[in-house]
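To start, the structure under review is shown below, and the notes come after it.
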């Protein structure tokens, strides 16, 4: 299991279920503050292979200083830099190729639903599902053009508004050729049956899957692929 240090690059800007409540006022962190955290983490890393960092808390492609955040992380010695993103902006010309060329190799795509209707409704962003699908395809194309490998996972914040959609989300992750799907249970406890069905759907399609969160039913188990740590 690989550890990833979660480093916020802003506040209230990460995709989440709008029906669960507004996250607050969005604000991007200054790059100097973010990179101070990254440098400290890299210097003190003791978590096995790494250092590994996930930029969280704010849509990275909306951050005005993203190029500096990416290149400086590599200079600080970060081995694996992962961007948590809604993936919509990756469909814009040059974004996928530019991020890949800067050194990003891993994406964690936040998905709220298993269809355009459910995802866009919960995100309150019409067109986001199709943009994300195009964005992931553009990212795959950038990796192919560069002749390099990439790892794309799907992160699913599980709540009572999308619980029934989880098996379809797993199917979408497979259709988008993602390597893994991570169901993060938040809010109300998720149904054991639905979580089990989602894990089975992912497995049948050849996608690694696991569940985390305080409200995970004890009967649902899948080996974790990575661990998120706050340092």
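Residue numbers (this note's numbering): 97 to 327.
Quick reminder that beta carbons are idealized off the backbone N, C-alpha and C, glycines included.
query, result
"Below 6 Å CB to CB, which residues in the same chain sit around residue 100 once its five sequence neighbours on both sides are set aside?", "148, 150, 322, 324"
"Does residue 53 come out as helix, strand or coil in the three-state DSSP assignment?", "Residue 53 is absent from the structure shown; the chain starts at 97 and stops at 327."
"Would residue 204 pass as a contact of residue 249 if the rule is Cβ separation under 9 Å?", "yes"
"Rounded to the nearest angstrom, how far is the Cβ of residue 119 from that of residue 112, given a contact under 8 Å?", "6 Å"
"For the region 160–171 and the region 206–218, state whether three or more C-beta atom pairs, one from each stretch, are separated by less than 8 Å.", "no"
"By the three-class DSSP mapping on this structure, what secondary structure does residue 182 have?", "coil"
"For a test of the three-state rule: what should DSSP assign to residue 194, helix, strand or coil?", "helix"
"Cutting at 8 Å between CB atoms, please list the residues of its own chain near residue 122, excluding the five before and the five after it.", "106, 107, 108, 109, 154"
"Taking its Cβ as the centre, do 16 or more other Cβ atoms sit within 10 Å of residue 167, making it buried, or is it exposed?", "exposed"
"How many whole angstroms separate the CB atoms of residue 245 and residue 176, which I take to be in contact at a CB cut-off of 8 Å?", "Actually they are not in contact, since the Cβ atoms of residue 245 and residue 176 sit about 12 Å apart, beyond 8 Å."
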